[in-house]
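Notes follow the structure.
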Ligand code: F0G
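Numbering (the numbering used here), first residue to last: 992 to 1367.
Structure (structure tokens):
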């Protein structure tokens, strides 16, 4: 069965990296709201591998999706369903990327969109996108968890279609990150797939993708999921530490605003994903995140702060000996470098080992010559 399905998936139209898997995502739907999305590059960079301490490291760059994050993979499916179900308006709570993505897809579908974002905690690029794509952007005096509570109420009381990752169609679309990654390498699975975790929707989607891939015979070996949280926003990592005995909630704070989430909405499904894949959840400090980001950025690849948590997490597990030097590791870079220019600027103009601050000069060749010498 696996062989035939692999062949079918490898030969279908690949215009969209999501809808190429439509039989396993949302079957028999000919009217899709698609950008198109997916088909993101899987790349290797020696400097990033060396930094993490592993020889076989692939970066799957989901920041190369049309609105600059992996959210587009889920949003194409959720908005397609919203249209199919006759929704008159769509809404989401967001730390930024979901709102940017929903705004773009709702605009394409001709649906009004409401997005709820936490005041002062959304990266400039993301907020600009939501406004530019035409969503009604509501700045909520509260954190992401408060925004989600409000969005849920609005969903049930005002009949607005909710497009957060609690929406099952979002997760269906996000499964394709994993499948596309494996299809690219002839349906061989890496030993580890590392990803940043906030509301843990993506962790849940990865668990489902791997469960289905194994059941359908697409892969023989199931990779272990490594979910990485920021230490100031690590309820899921704390839960993992005590065997997920109870659901943990915290007040979240981190430079990686995309994953600044204290009460992960997809907790139960993500617990299942970690258990089934013999996965691991760790937390890394903001300093570790920003240093890993600086290495990824300087390799010419670039990503937003939250994305770099994946590489920082691999480095931590490698140092503990849990990941071997020759293990095959895939890190998901979830968002584009340009999403959060302020975090990058602050890092490079601050006191950091890898800072690369701009230099002010007089418009003279001698000045440039002086600088050029320092580069050699
Ligand atoms: N990386 C980025 C760049 C994100 O934007 C998010 C989530 C995550 C990782 C974590 O994924 O929540 O499924 O565990 N951003 C959401 C948003 C919360 O509103 O854009 P998760």
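For every residue, glycine included, the Cβ atom is placed at its ideal position computed from N, Cα and C.
Closest by CA to residue i, which one among the options?
i            : options                : result
residue 1311 : 1108, 1043, 1010       : 1043
residue 1175 : 1252, 1030, 1343, 1089 : 1030
residue 1185 : 1309, 1218, 1122       : 1218
residue 1303 : 1188, 1063, 1164       : 1188
residue 1118 : 1180, 1156, 1047, 1085 : 1085
residue 1066 : 1161, 1078, 1115, 1056 : 1161
residue 1226 : 1208, 1251, 1199, 1246 : 1251
residue 1291 : 1329, 1268, 1274       : 1329
residue 1223 : 1342, 1230, 1214, 1242 : 1242
residue 1231 : 1261, 1000, 1131       : 1261
residue 1064 : 1009, 1278, 1240, 1263 : 1009
residue 1229 : 1083, 1207, 1274, 1213 : 1274
residue 1082 : 1017, 1154, 1301, 1338 : 1154
residue 1284 : 1111, 1164, 1267, 1337 : 1337
residue 1057 : 1234, 1078, 1026, 1035 : 1026
residue 1196 : 1233, 1240, 1263       : 1263
residue 1346 : 1113, 1159, 1282, 1021 : 1282
residue 1286 : 1035, 1020, 1021, 1001 : 1035
Report all residues from its chain with a CB closer than 8 Å to the CB of residue i; omit the five preceding and five following residues, and keep chain order.
i            : result
residue 1326 : 1053, 1054, 1059, 1060, 1061, 1088, 1249, 1294, 1295, 1297, 1298
residue 1115 : 1331, 1332, 1333
Residue j and residue i - do their beta-carbons sit closer together than 8 Å?
i            : j            : result
residue 1106 : residue 1074 : no
residue 1109 : residue 1190 : no
residue 1076 : residue 1102 : no
residue 1215 : residue 1269 : yes
residue 1318 : residue 1183 : yes
residue 1280 : residue 1221 : yes
residue 1169 : residue 1201 : yes
residue 1277 : residue 1305 : no
residue 1313 : residue 1271 : yes
residue 1199 : residue 1166 : yes
residue 1289 : residue 1123 : no
residue 1253 : residue 1132 : no
residue 993  : residue 1207 : yes
residue 999  : residue 1209 : no
residue 1203 : residue 1017 : no
residue 1213 : residue 1180 : yes
residue 1013 : residue 1028 : no
residue 1301 : residue 1323 : yes
residue 1156 : residue 1111 : no
Enumerate in chain order the residues of its own chain whose CB-to-CB distance from residue i is below 6 Å, with the five nearest sequence positions on each side excluded.
i            : result
residue 1258 : 1238
residue 1011 : 1003, 1005
residue 1121 : 1090, 1091, 1094, 1106, 1128
residue 1040 : 1048
residue 1194 : 1188, 1218, 1261, 1264
Leaving out the 5 sequence neighbours to the left and right, which residues in its chain are closer than 7 Å to residue i when beta-carbon positions are compared?
i            : result
residue 1309 : 1043, 1044, 1045
residue 1172 : 1033, 1051, 1321
residue 1350 : 1362
residue 978  : Given a span of 992 to 1367 for the chain in the structure shown, any question on residue 978 remains unanswerable.
residue 1240 : 1226, 1253, 1254
residue 1307 : 1273, 1275
residue 1158 : 1069
Would you say residue i reaches chain C, if we count a Cβ-Cβ gap shorter than 8 Å as a contact?
i            : result
residue 1324 : The structure shown contains no chain C; it is built from a single protein chain.
Validate contact between the region 1093 to 1111 and the region 1069 to 1076 using beta carbons, cut 8 Å, 3 pairs: yes
- prompt: Is the region 1113 to 1128 in contact with the region 1144 to 1163, if contact means three or more CB pairs nearer than 8 Å?
  reply: no
- prompt: Is there contact between the region 1140 to 1147 and the region 1350 to 1364, where contact requires at least three CB pairs shorter than 8 Å?
  reply: Touching, no, given that fewer than three Cβ pairs across the two stretches are closer than 8 Å.
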